[in-house]
Amino acid sequence: MKKKSFVQYCRISFLALVFISFSGICTAPVIGYRAKMENFRKLSEFVSREHYKSEFTRFIKDLGKSESGNNWQSVNLIGCFGEWQFAEKTLHYLGHKHITTRKFKKDPSVFPPDLQLQALKSLIRVNLISLKDYERFAGDTIRGVVISRSGMIAASHLGGARSLKLFLNSKGKINKADVLGTSIADYLWKFSYYDLDSFDRYVLYSEQMVFTAGKITFGKSHQNNN
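In short: position in the sequence shown from 1, add 1, done, that's the working numbering.
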């Protein structure tokens with residue numbers, strides 16, 4: 002995987018200093034070894050959590066900008082809609098069967114920004130499960146692009162996990178593109194510089210994922226009441 006950039010290290014260091022200043026670790030009286038180690042563990046967890054939350058937020062904001070100009074009411078030429086341009090069939094697969102392109106065009110509030118974010122996280126989780134055996138490609142260079150985890154997440158969002166698998170297995174010879182001409186390789190390159198190596202634990206898996214009879218449910222907040 003690509004090494005962390007200088008900016009990422011600065012962000013981590015800043016978060017650590019903020020935590021230390023408020024926790025009193027440096028000024029507290031002498032405490033036992035176990036207590037010190039527990040404080041260090043909490044510090045590490047805090048820094049990691051805030052770092053990956055920050056990186057994920059930056060990633061999805063840039064992905065939304067690329068997909069729709071960060072316009073949550075956007076509908077493209079082939080009927081994909083929302084800030085991250087979801088296909089109707091994708092939303093139905095994720096359990097949001099009450100949301101259709103027609104309904105969204107008529108009233109975008111059927112798929113508000115908070116629900117769009119939930120759907121995006123759900124889709125990323127599904128794609129990561131599908132790509133589990135393909136993360137071995139991370140660090141390889143294909144068609145001049147260094148394969149990264151963040152790039153793989155973005156590329157699978159663009160064309161689906163299957164299209165990304167075809168690209169990786171063919172060493173870039175099969176490079177599918179969307180109707181606007183944006184290809185898997187384009188997104189692998191464009192979104193390769195985000196540190197999402199271990200973000201799942203801190204961002205995606207705070208809710209339990211349940212598979213039942215072809216339906217995927219991600220916690221109570223993703224249940225449809227319609």
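Beta carbons are placed, not taken as given, at the ideal position from N, Cα and C, and that holds for glycine.
Taking Cβ to Cβ, would you say residue i is nearer than 8 Å to residue j?
i	j	result
residue 176	residue 186	yes
residue 1	residue 85	Because the chain spans 2 through 227 in this model, residue 1 falls outside it and cannot be assessed.
residue 97	residue 124	no
residue 139	residue 150	yes
residue 122	residue 76	no
residue 189	residue 145	no
residue 204	residue 104	no
residue 57	residue 200	yes
residue 184	residue 178	yes
residue 78	residue 120	no
What's the gap between the Cα of residue i and the Cα of residue j?
i	j	result
residue 74	residue 142	36 Å
residue 83	residue 196	25 Å
residue 131	residue 46	27 Å
residue 44	residue 109	42 Å
residue 87	residue 80	9 Å
residue 102	residue 42	47 Å
residue 94	residue 129	16 Å
residue 50	residue 180	37 Å
residue 160	residue 114	22 Å
residue 52	residue 36	24 Å
residue 59	residue 66	11 Å
residue 231	residue 90	Because the chain spans 2 through 227 in this model, residue 231 falls outside it and cannot be assessed.
residue 34	residue 202	28 Å
residue 40	residue 135	36 Å
residue 48	residue 38	15 Å
For residue i, report the span of its alpha helix (DSSP H) as first-last.
i	result
residue 114	114-131
residue 175	First-last for residue 175: undefined, no H or E at that position.
residue 61	34-69
Looking only at C-alpha atoms, which of the options sits nearest to residue i?
i	options	result
residue 112	148, 100 and 182	100
residue 147	193, 91, 59 and 109	193
residue 61	90, 103 and 156	156
residue 137	201, 166, 87 and 71	166
residue 182	49, 39, 51 and 68	68
residue 118	160, 40, 164 and 71	71
residue 191	134, 154 and 135	154
residue 133	48, 198 and 40	198
Tell me the DSSP secondary structure of residue i in three-state form.
i	result
residue 184	strand
residue 79	coil
residue 154	helix
residue 91	helix
residue 102	helix
residue 165	helix
residue 134	helix
Mind checking if residue i is an interface residue toward chain E, Cβ cutoff 8 Å exclusive?
i	result
residue 97	The chain labelled as chain E is not found in the depicted structure, where only one protein chain is given.
Residue i: beta carbon under 7 Å from a heavy atom of the ligand ATP?
i	result
residue 110	Of the ligands one can find in the structure shown there are none, so the ligand ATP has no counterpart to examine.
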